[in-house]
Amino acid sequence: MEPRSMEYFSAQVQQKDVGGRLQVGQELLLYLSTPGAIPDLEDDMGRLGKTVDALTGWVGSSNYRLTDSDLKPCRSRKEEVSLMGLEILSAFVDRLSTRFKSYVAMVIVALIDRMGDAKDKVRDETQTLILKLMDQVAPPMVRDAAILAIVEIYRHVGEKVRVDLCKRGIPPASRNCGIDYCIVSVIDDSGEETQP
Numbered sequence: 001m002e003p004r005s006m007e008y009f010s011a012q013v014q015q016k017d018v019g020g021r022l023q024v025g026q027e028l029l030l031y032l033s034t035p036g037a038i039p040d041l042e043d044d045m046g047r048l049g050k051t052v053d054a055l056t057g058w059v060g061s062s063n064y065r066l067t068d069s070d071l072k073p074c075r076s077r078k079e080e081v082s083l084m085g086l087e088i089l090s091a092f093v094d095r096l097s098t099r100f101k102s103y104v105a106m107v108i109v110a111l112i113d114r115m116g117d118a119k120d121k122v123r124d125e126t127q128t129l130i131l132k133l134m135d136q137v138a139p140p141m142v143r144d145a146a147i148l149a150i151v152e153i154y155r156h157v158g159e160k161v162r163v164d165l166c167k168r169g170i171p172p173a174s175r176n177c178g179i180d181y182c183i184v185s186v187i188d189d190s191g192e193e194t195q196p
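Quick note on numbering: full-length UniProt numbering labels position 125 of the sequence shown as 125, and the sequence is numbered without any gaps.
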């Protein structure tokens with residue numbers, strides 16, 4: 001595999017063709033997972049920002065289409081692009097670690113929007129990326145605010161939050177770091193904390 005430049009990937013992710021996006025997405029994932037394969041990854045922060053911005057557009061392209069025969073939802077090419085965008089952004093977070101912090105504001109609105117997506121797979125991948133962002137780039141104060149937000153959601157939604165957290169396969173150690181599972185488990189219906 002010969003090294004590719006960020007200039008190449010930045011231009012490729014701008015294309016509108018769904019098939020082309022999926023193809024370049026697979027290539028970009030491969031290169032991001034190979035150390036040294038994109039030697040100028042962080043040389044031009046403006047170009048990297050344009051790439052992240054374009055990928056954020058990919059994330060927002062999810063929708064379902066219906067088949068004519070049985071009118072059951074099936075995964076559309078646009079949903080595949082959305083999932084590919086989430087996967088690539090996750091790979092950027094893995095590769096850049098805390099250096100991804102300057103791009104969080106660029107992606108967070110699209111991620112919050114995808115949390116309301118009708119497709120479980122898109123919501124699951126979005127939640128995984130948000131948890132990764134919280135773990136890698138969020139200072140403890142932000143994590144604490146996120147925990148309080150989960151507690152507030154629990155007060156309004158109830159037991160569904162706990163079930164959803166368990167269903168997502170979040171290991172207990174991660175739940176205790178990113179989402180204070182213990183607090184959620186001890187809040188009763190009145191919103192008051194109780195002893196377990």
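For each residue, glycine too, the CB sits at the ideal point set by N, CA and C.
At the level of alpha carbons, what is the spacing between Ser82 and Gly116? 14 angstroms
Report, in whole angstroms, the separation of the C-beta atoms of Leu22 and Glu80, which I expect to be a contact under 8 angstroms. 6 angstroms
Looking at C-alpha atoms only, which residue of Asp113, Glu42 and Ser33 is the closest neighbour of Glu7? Glu42
Considering only residues of the same chain and omitting the five flanking positions on each side of Lys32, which have a CB-CB separation below 6 angstroms? First, the amino acid is wrong: residue 32 is Leu here, not Lys. Only Ala91 and Arg95 meet the Cβ criterion.
Should Gly85 be labelled buried (16 or more other beta-carbon atoms within 10 Å of its own) or exposed? buried
With Phe100 as the anchor, note down where its alpha helix (DSSP H) starts and where it stops. Neither: Phe100 is in no alpha helix (DSSP H) and is coded neither H nor E.
Mind reading off the beta-carbon distance from Arg123 to Met134? Whole number of angstroms is fine, and I expect it under 8 angstroms. With a Cβ gap of about 16 angstroms, Arg123 and Met134 do not count as contacting.
Is Lys119 helix, strand or coil when you go by DSSP? coil
Out of curiosity, what's the CA-to-CA distance linking Tyr154 and Lys160? 8 angstroms
Return the chain-ordered list of same chain residues with a C-beta closer than 6 angstroms to the C-beta of Leu28, the five sequence neighbours on each side being excluded. Phe9 and Ile88
When DSSP labels each residue in this structure, what does Ser90 get in the three-state scheme? helix
Return the Cβ separation of Val52 and Arg114 in integer angstroms, given the expectation that the two are a contact with Cβ distance under 8 angstroms. Actually they are not in contact, since the Cβ atoms of Val52 and Arg114 sit about 15 angstroms apart, beyond 8 angstroms.
Ordered along the chain, which non-local residues of its own chain (more than five positions away) have a Cβ less than 7 angstroms from that of Asp70? The predicted model places Asp70 with a pLDDT of 37, which falls under 50 and marks its position as unreliable, so this point remains unresolved.
Should Leu30 go down as buried or exposed, given a rule of 16 or more other Cβ atoms within 10 Å for buried? exposed
Inter-residue spacing [alpha-carbon to alpha-carbon] between Gly19 and Thr56: 17 angstroms
Cβ-Cβ distance between Ser102 and Gln136 below 8 angstroms: no
Going by the beta-carbon positions, is the gap between Arg4 and Ala54 smaller than 8 angstroms? no
Whole-angstrom distance between Val13 and Tyr112, CA atom to CA atom: One point to set straight first is that residue 112 is Ile, not Tyr, in the sequence displayed. Those two C-alpha atoms are separated by around 22 angstroms.
Three-state class that DSSP yields for Arg4 in the structure shown: coil
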